[in-house]
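Residue numbers (the working numbering), protein chains in the order written: chain Z, 1 to 112; chain A, 1001 to 1115.
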């Protein structure tokens, strides 16, 4: 799986959009970009994933650049409950592999 | 639909002992993966079971083992516990079968402390 690079920490004011960047310059054509988050001492929570088109669900939007070397997770209206560590993961949908390779992630702090 | 459940939630063991952790996946999910999370190493993949067979394994010593039952419930075992095995052990389930897009859903974890 390709390696990802994320800033170690970010701050965001409550109610504002949180834009979390991820660099994955060595991504292969068959690799997807996944985002998970982990709120303190809980299990990671799936947020969204995509291949090359932008994706949106009830939690967030995922913007992937045209060359697929980077992406941005957008939380449109951050709340205090969005304070967590956010992990960007790149992986292929192979037949048998389910392994997620977590990096160090971005610690997002949402403040009043 | 009930989420992934893990038991026990907290466990304290002494060095040299062994421990068994249990995971019940989301109903209908046939794949169960295990991860270890420590402050120093972060989240690391242990192994994955699908249809009672281990089909993917991380880089952990043989003291770490697991199994999956016909109802997809899974257990992991750690023998001869060391202080460094103190960690949060997470279980994740998914619909994964023969490829395609799938997400992993994590349980709350078992916090193991080795003294």
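Glycine is no exception: its CB is placed at the ideal position from the N, C-alpha and C atoms.
Asked: How is residue 11/Z classed by DSSP in three states: helix, strand or coil?; Found: strand
Asked: Between the region 1027–1038 of chain A and the region 1083–1095 of chain A, can you find at least three pairs of beta-carbon atoms closer than 8 Å?; Found: yes
Asked: Taking residue 11/Z as the reference, give the member of 86/Z, 100/Z and 91/Z with the closest Cα.; Found: 86/Z
Asked: Would the region 1078–1093 of chain A count as touching the region 1059–1066 of chain A if we require 3 or more Cβ pairs under 8 Å?; Found: yes
Asked: Comparing C-alpha positions only, which one of 1055/A, 1104/A and 1042/A sits nearest to residue 103/Z?; Found: 1042/A
Asked: If the cut is a Cβ gap below 7 Å, which residues of chain A does residue 43/Z touch?; Found: 1090, 1106, 1107, 1108 and 1109
Asked: Using only alpha-carbon positions, find the residue among 64/Z, 34/Z, 59/Z and 101/Z that is nearest to residue 53/Z.; Found: 64/Z
Asked: DSSP three-state label for residue 105/Z, please.; Found: coil
Asked: Note down the Cα distance separating residue 44/Z from residue 110/Z, rounded to an integer number of angstroms.; Found: 18 Å
Asked: Can you find at least 3 beta carbon pairs, one from the region 65–72 of chain Z and one from the region 20–39 of chain Z, that sit closer than 8 Å?; Found: yes
Asked: Which residues bound the beta strand (DSSP E) around residue 31/Z?; Found: 31–38
Asked: Residue 1086/A and residue 1113/A - do their beta-carbons sit closer together than 7 Å?; Found: yes
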